[in-house]
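Notes follow once the structure below has been shown.
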Amino acid sequence: MSKASCTADTTADTDKDNSLDITDATRIQKYLAEIKDTDNVGEEIIRTSFNTQITSEKDDIIENHTFVPTNPQPPTDAPATTPTEPEIPTEKPITPQVTVNKVTFTNSLNWSGTISCYYWSDSNSSMTSWPGVAMQKSGTNEYGQTLYTFTVPDGANKIIFTNGSSQTVDISHKGGKVRYYAMDAKNGNNYNVATW
């Protein structure tokens, strides 16, 4: 609350404390508004005329002051994060290796004719018809034996190598790259195989 300065006789000083302040102004306003006051102020005010200029310290502060919020909030439309430049990779991406069910058959017994791969699965015994699919020649080994390759379809887990008349035993194939050759030993009429 601010004190006011005035040049008036002491009649406006309703509480007789030798200063004209907010208490005095309030009591005068109550009297003018006909609000009952317990101090009988009206008698003295009516009989008194005075010349008063009241200035408030608050008015002076407001005119010469810039208000700064004490707890400023950022604008609501401001971005939450600052965008950053994308990082340039320093290493080449790694290409995932795909498992290929590629089999190689060494014609170690020098079968004549077309070498084929017959394949099937436990749940599908007719994935291909006999004698299977012709294998591709892929070169020779150090003994001069012809190598044949074939990609076994996904889902097939049994294979036989054959030239239509001679054939291997049923081979359980678990996938991946496997190299087989026919052995001299037979199981019944079919040749056993080994891997290398």
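In this text, residue positions in the sequence shown follow our numbering: the first is 1, and each later residue adds one. Where is the CB? At the ideal position from N, CA and C, for every residue including glycine. Note that this is a predicted model, so its numbers are computed, not measured.
Exercise for review: Could you pull out every residue in the same chain whose Cβ sits closer than 6 Å to the Cβ of T26, ignoring the five residues on either side in sequence?
Suggested key: Answer for T26: no residue qualifies.
Review point. If you scan the region 134-169 from start to end, which runs of the beta strand (DSSP E) of 3 or more residues do you find wholly inside it?
Key: Runs found: 136-140, 146-151, 158-162.
Exercise for review: Count the C-beta pairs between the region 147-155 and the region 121-138 that are closer than 8 Å, then say yes if the count reaches three, no if not.
Suggested key: Result yes; three or more Cβ-Cβ pairs closer than 8 Å.
Exercise for review: Mark V100 as exposed unless 16 or more other C-beta atoms lie within 10 angstroms of its C-beta, in which case mark it buried.
Suggested key: The residue is exposed, with fewer than 16 neighbouring Cβ atoms inside 10 Å.
Review point. Going by C-alpha distance, which of N107, G155, K92 is nearest R179?
Key: Ranking the options by Cα distance to R179, first place goes to N107.
Point to revise | Cβ-Cβ distance between Y119 and T162 below 9 Å | key: Not a contact, by the Cβ cut-off of 9 Å.
Check your understanding: Taking C-beta to C-beta, are G164 and S129 nearer than 9 Å?
Key -> Not closer than 9 Å, so no.
Exercise for review: Using the DSSP secondary-structure output, state which residues sit across from A182 in a beta bridge.
Suggested key: Per DSSP, V193.
Practice item. Evaluate I159 with the Cβ neighbour count: other Cβ atoms within 10 Å of its Cβ, from every protein chain shown; 16 or more gives buried, anything less gives exposed. Key: Looking at its Cβ environment, which holds 16 or more other Cβ atoms inside 10 Å, I159 is buried.
Point to revise | Cβ pair A198, S126 closer than 9 Å | key: Since the first and last residues shown for the chain are 1 and 196, residue 198 lies out of range.
Point to revise | Euclidean distance between Cα positions of K186 and A134 | key: C-alpha separation (whole angstroms): 23 Å.
Check your understanding: Can you tell which of K30, F105, A33, T114 has its C-alpha closest to the C-alpha of I171?
Key -> For the options K30, F105, A33, T114, the alpha carbon positioned closest to that of I171 is the one of F105.
Review point. Using the rule of at least 16 other Cβ atoms within 10 Å of the residue's Cβ for burial, across every protein chain shown, is W111 buried or exposed?
Key: Its Cβ being crowded by 16 or more others within 10 Å, W111 is buried.
**Study point:** First through last residue of the beta strand (DSSP E) which encompasses T106
**Key:** It spans 102-106 - the beta strand (DSSP E) in which T106 sits, taken as one unbroken run.
Review point. How long is the line joining the alpha carbons of H173 and K92, rounded to whole angstroms?
Key: If you take the alpha carbons of H173 and K92, they lie about 34 Å apart.
Exercise for review: Go ahead and pull the three-state DSSP assignment for I28.
Suggested key: The answer is helix: DSSP assigns I28 an H, G or I state.
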